[in-house]
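Protein sequence lines correspond, in order, to chains A and B.
Numbered according to this note's numbering, the first sequence terminates at residue 112, and the numbering increases by one at each position without gaps.
Numbered according to this note's numbering, the second sequence terminates at residue 412, and the numbering increases by one at each position without gaps.
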Amino acid sequence: MTKDEVKEAVKDIIATIAPDEDLAALDHSKLLRDQIELDSMDFLDIVMELRKRYGVQVPEEEYKELGSLDSCGRYLHPKMAAMELKLLNA
Amino acid sequence: MLDLPRIVITGIGLASPNGNNLGEYRRNLLAGVSGVEPYEIRYFGKTVAGVCHFEATRYQSRKTLRRGTRAGSVAIYCANEAVLDSGIDLEKVGRHRVGVYVGTTEHGNVETEEQIYEVSQYGYDLSYWSHHHNPRTVANNPAGEVTLNMGITGPHYAVGGACAGGNLGIIQGAQMLQLSEVDMAIGGGVSESIHTFGIFASFKAENALGEREDPTRVSRPFDKSRNGIVVSEGGCLYTLERLEDAQRRGARIYAELAGWHVNSDAADFVLPLPERQRQCMEAALKRADMGPEDIHIVSTHATSTPLGDIQECGAVRAVFGESRTTHINNTKSYIGHTMGAAGAIELAGNLPSFEDGVVHPTINVEELDPECEIHGLVLNEPKATKRVDTILNLSFGMLGINSALVVKRP
Chain A
23 MTKDEVKEAV KDIIATIAPD EDLAALDHSK LLRDQIELDS MDFLDIVMEL RKRYGVQVPE
83 EEYKELGSLD SCGRYLHPKM AAMELKLLNA
Chain B
3 MLDLPRIVIT GIGLASPNGN NLGEYRRNLL AGVSGVEPYE IRYFGKTVAG VCHFEATRYQ
63 SRKTLRRGTR AGSVAIYCAN EAVLDSGIDL EKVGRHRVGV YVGTTEHGNV ETEEQIYEVS
123 QYGYDLSYWS HHHNPRTVAN NPAGEVTLNM GITGPHYAVG GACAGGNLGI IQGAQMLQLS
183 EVDMAIGGGV SESIHTFGIF ASFKAENALG EREDPTRVSR PFDKSRNGIV VSEGGCLYTL
243 ERLEDAQRRG ARIYAELAGW HVNSDAADFV LPLPERQRQC MEAALKRADM GPEDIHIVST
303 HATSTPLGDI QECGAVRAVF GESRTTHINN TKSYIGHTMG AAGAIELAGN LPSFEDGVVH
363 PTINVEELDP ECEIHGLVLN EPKATKRVDT ILNLSFGMLG INSALVVKRP
């Protein structure tokens, strides 16, 4: 997966968790929670889906790395580079 | 007897396997339309069930639908429908003065089974166990989801009364109104039970799960060949108000709660006790200041089990056997057993009789079991009467809980 594909993977997870939101216009550099309605349980859902879909473990002290799509790409790319992108909401 | 305020039903919201609102449900009851269909569930396999087909996203977002439970979703649909139907302005009542009392048979099995299945896919690693498990499985989940959805800040809780839960939710709401704990109550019951394989497997293990080729004819209380329960989901919530409040706002009043009684068999985990059922009915009649001949419809609880139906019929016969003004019917023959919703949803099916005088029948009775024979049974065809003024609604549950609720024409 490229870094952009990692961001696509995260967006696809968010599409599952927050199906009412329009994700097309997300600003990758801004905090997700400032752009769409995401609470702490939703962030736990993102962490869980990363674990289930890609086997990626995100320790609690690193949750802050999932703040924006850009930071997700930076933080997750090393963990997911060797994996195939799986889109459930394509 | 204390001089307590009179309580009335002013709104009805329901999700039944054969109707998503009172009008549709009633039409199907009078037309003999079942809501039972082929069904399949993990581990158990093929069976039949009463499945609801209401539009879940009418009152909740897809996100909250995903986060909550099926019972919560049923409750949200029913509560919104009931409030709309009542014409009540929650702002005028004051959202902190509204109470939500939801009867359930069980809650949490669905989510627990789901999570155990989920972790089984990951070698039983509990780091895959959902953080949603606790909020989804607390007993107050369905009632709580209603308050979250509607911004109601008064009390909310579950009334756990096995399959008497629906009646108990109504009674609890009425009592809280009488005590002035709230100024409006949303009360009744819900069930998500078809989504737990355990309930099917357990009824099967008790030899109490109904079977037959045609799904619509499996649930057949009082029929000689009946062989068990059809498990169903559903819900029915009422808006309840004190009579003077309802009159003041010019509300349409469906019925007045005339009396009720709840008691316990103290005899067995599963088997009912006709003697205690009889006492329950008699106490409800006494509270309503009525005799058996004053009751025009007895809505039976009968679930289509060989023994349970006979025992209930014995109890009903003991109270109403001599009455020539009482009609007796059963709604599970159409929709199966909606568990925690049963008491509330079965009452709703009968309430339009106050308007049209028609008693919907117990369907699927090909050969009446002589042991279920009671004078006044309405079988297979609706019965037009001169007038229906009163209904006694029966709901019983495991661990020996009995409830009888009397309602009367407003």
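For every residue, glycine included, the Cβ atom is placed at its ideal position computed from N, Cα and C.
Treat the numbers as computed from the prediction; the structure is a model and nothing was measured.
Could you list which residues in chain B have their beta carbon closer than 8 Å to that of residue i, in chain order?
i, result
"residue 73(A)", "129 and 130"
"residue 42(A)", "63, 64 and 65"
"residue 70(A)", "130, 132 and 133"
Measuring only the C-alpha atoms, how far is residue i from residue j?
i, j, result
"residue 237(B)", "residue 145(B)", "12 Å"
"residue 6(B)", "residue 175(B)", "14 Å"
"residue 58(B)", "residue 72(B)", "9 Å"
"residue 53(A)", "residue 152(B)", "29 Å"
"residue 293(B)", "residue 299(B)", "13 Å"
"residue 74(B)", "residue 190(B)", "13 Å"
"residue 59(A)", "residue 96(A)", "23 Å"
"residue 74(A)", "residue 390(B)", "58 Å"
"residue 204(B)", "residue 341(B)", "14 Å"
"residue 31(B)", "residue 9(B)", "27 Å"
"residue 232(B)", "residue 325(B)", "31 Å"
"residue 271(B)", "residue 228(B)", "22 Å"
"residue 26(B)", "residue 24(A)", "54 Å"
"residue 163(B)", "residue 403(B)", "7 Å"
"residue 106(B)", "residue 345(B)", "10 Å"
"residue 52(B)", "residue 85(A)", "43 Å"
"residue 76(B)", "residue 285(B)", "32 Å"
"residue 281(B)", "residue 397(B)", "14 Å"
"residue 264(B)", "residue 135(B)", "33 Å"
"residue 291(B)", "residue 66(B)", "46 Å"
"residue 339(B)", "residue 51(A)", "53 Å"
"residue 108(B)", "residue 199(B)", "13 Å"
"residue 83(A)", "residue 103(B)", "41 Å"
"residue 17(B)", "residue 121(B)", "32 Å"
"residue 100(B)", "residue 43(A)", "31 Å"
"residue 358(B)", "residue 387(B)", "9 Å"
"residue 46(B)", "residue 399(B)", "24 Å"
"residue 230(B)", "residue 307(B)", "4 Å"
"residue 311(B)", "residue 192(B)", "23 Å"
"residue 43(B)", "residue 197(B)", "7 Å"
According to DSSP, is residue i part of a helix, a strand, or is it coil?
i, result
"residue 108(A)", "coil"
"residue 328(B)", "coil"
"residue 93(A)", "helix"
"residue 365(B)", "coil"
"residue 10(B)", "strand"
"residue 54(A)", "helix"
"residue 1(B)", "Since the first residue of chain B shown is 3 and the last is 412, residue 1(B) is not available in this structure."
"residue 129(B)", "helix"
"residue 135(B)", "helix"
"residue 101(A)", "helix"
"residue 349(B)", "helix"
"residue 385(B)", "strand"
"residue 20(B)", "coil"
"residue 32(A)", "helix"
"residue 141(B)", "coil"
"residue 161(B)", "strand"
"residue 342(B)", "helix"
Can you name the residues of chain A whose CB is closer than 7 Å to the CB of residue i?
i, result
"residue 138(B)", "Residues of chain A passing the Cβ test: none, with the nearest at roughly 11 Å."
"residue 72(B)", "Within 7 Å Cβ-Cβ: nothing; residue 72(B) doesn't reach chain A, min ~17 Å."
Leaving out five residues before and five after residue i in sequence, what residues of the same chain have Cβ atoms less than 6 Å from its Cβ?
i, result
"residue 239(B)", "15, 80, 81, 84, 188 and 190"
"residue 139(B)", "110 and 113"
"residue 39(A)", "64 and 67"
"residue 69(A)", "80"
"residue 35(A)", "68 and 71"
"residue 201(B)", "195 and 233"
"residue 378(B)", "328, 329 and 330"
Whose Cβ in chain B lies nearer than 7 Å to the Cβ of residue i?
i, result
"residue 66(A)", "133"
Could you work out which residues of chain B lie near residue i, taking near to mean beta carbons separated by less than 9 Å?
i, result
"residue 105(A)", "Correct list: empty, because the minimum Cβ distance to chain B is about 17 Å."
"residue 63(A)", "69, 133, 134 and 137"
Report all residues from its chain with a CB closer than 8 Å to the CB of residue i; omit the five preceding and five following residues, and keep chain order.
i, result
"residue 349(B)", "168, 169, 172, 238, 301, 393, 395, 407 and 409"
"residue 27(A)", "107"
"residue 376(B)", "315, 318, 319, 322, 323 and 330"
Just the chain A side, please: which residues come within less than 9 Å of residue i by C-beta, in chain order?
i, result
"residue 250(B)", "In chain order: nothing, as chain A lies at least about 39 Å away."
Looking only at its own chain, which residues have a Cβ that is under 7 Å from the Cβ of residue i, when we skip the five neighbours before and after it?
i, result
"residue 142(B)", "158, 159 and 160"
"residue 366(B)", "219, 221, 222, 225 and 335"
"residue 111(A)", "34, 37 and 38"
Task: Uninterrupted alpha helix (DSSP H) stretches inside the region 184-257 of chain B (no shorter than 4 residues) - done: Correct list: 199-207 and 245-250.
Open item on the list: Please give the ranges of any beta strand (DSSP E) in the region 30-111 of chain B, keeping only runs that are unbroken, at least 3 residues long and fully inside the region.
Closed with: Entirely contained in the region 30-111 of chain B, the beta strand (DSSP E) runs reaching 3 residues are, in chain order, 38-43, 47-52 and 100-106.
Open item on the list: What ranges does the alpha helix (DSSP H) occupy inside the region 286-327 of chain B, keeping only unbroken runs of at least 4 residues that lie completely in it?
Closed with: Every alpha helix (DSSP H) of 4 residues or more that sits fully in the region 286-327 of chain B is shown, in chain order, as 308-322.
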